Every structure is written in C-alpha cells, then in structure tokens.
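For reference, the structure is listed below as structure tokens.
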Amino acid sequence: MSLAVRIDLDSSTPHYEQLRAQLAALVTAGTLVDGQRLPTVRALANDLGIAPGTVSRTYRDLEAAGLVTTRRRVGTLVTAPPATLDRAAVVGAAERFVRIARDHGLSDTEVRDLVAASLLTVQDPPA
Numbered sequence: 035m036s037l038a039v040r041i042d043l044d045s046s047t048p049h050y051e052q053l054r055a056q057l058a059a060l061v062t063a064g065t066l067v068d069g070q071r072l073p074t075v076r077a078l079a080n081d082l083g084i085a086p087g088t089v090s091r092t093y094r095d096l097e098a099a100g101l102v103t104t105r106r107r108v109g110t111l112v113t114a115p116p117a118t119l120d121r122a123a124v125v126g127a128a129e130r131f132v133r134i135a136r137d138h139g140l141s142d143t144e145v146r147d148l149v150a151a152s153l154l155t156v157q158d159p160p161a
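Here the working numbering runs 34 ahead of the position in the sequence shown, where the first position is 1.
This is the structure we're talking about:
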C-alpha cells in the first residue's frame, strides 16, 4: 500500500511529527477511512527512508489520539469516526484558511504555527 506522505529530511521538524501530522490529516480529511489498514512499520519506514522506530512512534501517537488501533496479526487500522456534517464544515473552513494563507505567501510551517497559536489562545465555549 502506498500512502501520499513524504518526509522532508532537511526539515527541523522531527520525522515522526511530520509523519504523524500527515497521517492525522489524511484520516481527518477522510482519505484514510475507518477500517483501512496502514502499511507495516517496516514497509512504511523503507518507503520513506526513515527508521522503523520513527514509524512505530508515529503509530503509537496516532493510537493515543484515537485515530488508529494496532492489533497483533491484523496490523494498524484506521479507527476514524464517520464524517458528520459538522466535521465537514470544519474541514471546509480549514481548507479555506489554508488557501487564504497560501495566497498571502505563508509557508506550511507558518500556517501550522498560526493554528498552534490559536489552539493556545482561543477559549473553549462554556459547557
């Protein structure tokens, strides 16, 4: 199985974080669907030219986030919840944000930094 992910070996962002972010984005966007099997740790590491431990750490982080589950003899499977109308609206807003940011010449790193800053500053609505 081939995934549409790539690792920038010259980036200051750790390889596991690059891979985690891309796989999480593919799950969130619905490109990787519930029940879909991910490549084995060794196969993906070989395809990307990175250490198997890096892929293993990524899969553990994704499992902790509830995006995948790993089972012996079955492998690592996507466990994404089905998309809802609310989720689709959020995905659409994210895509519009990225388009605007790119139109203004922001790099992917700058876009991620803006989102990370917003996550720290925007308060959750009262329950």
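Note that CB positions come from ideal geometry on N, CA and C, so glycine has one too.
All of these numbers come straight from a predicted model, not from anything done at the bench.
Reduced DSSP category for residue i - H, G, I as helix; E, B as strand; rest coil
| i | result |
| --- | --- |
| residue 154 | helix |
Start and end residues, beta strand (DSSP E) containing residue i
| i | result |
| --- | --- |
| residue 109 | 109-112 |
| residue 105 | 102-105 |
Span of the alpha helix (DSSP H), counted from its first residue to its last, around residue i
| i | result |
| --- | --- |
| residue 49 | 49-63 |
| residue 37 | Element bounds for residue 37: n/a, residue is neither H nor E. |
Short CB-CB distance (under 9 Å) between residue i and chain C
| i | result |
| --- | --- |
| residue 103 | In the structure shown, chain C does not exist; there is a single protein chain. |
Residue from the options with nearest C-alpha to residue i
| i | options | result |
| --- | --- | --- |
| residue 54 | 104, 155, 94, 122 | 94 |
| residue 108 | 65, 61, 69, 47 | 69 |
| residue 48 | 91, 72, 153 | 91 |
Test item: CB-CB of residue i and residue j under 9 Å
| i | j | result |
| --- | --- | --- |
| residue 88 | residue 50 | yes |
Exercise. Quick check: the region 97-110 against the region 144-155, are there 3 or more CB pairs under 8 Å?
Worked result: The region 97-110 vs the region 144-155: no contact.
Problem set entry | Three CB pairs or more closer than 8 Å across the region 59-66 and the region 81-90 | Counting Cβ pairs under 8 Å, fewer than three are found: no touch.
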